[in-house]
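To convert, note that position 58 of the sequence shown is 84 in our numbering; the numbers rise steadily by one, no gaps. Note that beta-carbon positions come from the ideal geometry of N, C-alpha and C, so glycine has one too. In this text, all values refer to a predicted model and were calculated from it rather than measured experimentally. Since the structure comes first, as structure tokens, the remarks are kept for the end.
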Amino acid sequence: MAKIKVKKVKSAINRTLTQKRILESLGLHKMNQVVEHDDTPSILGMINKVQHLVSVEGTK
Numbered sequence: 027m028a029k030i031k032v033k034k035v036k037s038a039i040n041r042t043l044t045q046k047r048i049l050e051s052l053g054l055h056k057m058n059q060v061v062e063h064d065d066t067p068s069i070l071g072m073i074n075k076v077q078h079l080v081s082v083e084g085t086k
């Protein structure tokens, strides 16, 4: 399965509780932290909800 790298590029301060929880569930706690996830529909849906706070890089 393909992997994607997700990097937190903006702060979660003044964001909704839902967006903060999504960042936590993705494993993103600190600024500029990078995590690697499988390219699944559930992960892509979470990334879509916080796309203004993260950057995504696709890898194989």
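Each residue's CA atom was taken as its position, placing residue 79 and residue 29 some 19 Å apart.
Residue burial annotation: residue 70 is exposed, with fewer than 16 other C-beta atoms found within 10 angstroms of its C-beta. As the crow flies, the alpha-carbon of residue 31 is around 12 Å from that of residue 58.
Within 10 angstroms of the beta-carbon of residue 56 lie fewer than 16 other beta-carbons, which makes it exposed. Within the same chain, and ignoring the five residues on either side of residue 74 in sequence, no residue has its Cβ closer than 7 Å to its Cβ.
For residue 50, the closest of 82, 84, 83, 72 by C-alpha to C-alpha distance is 72.
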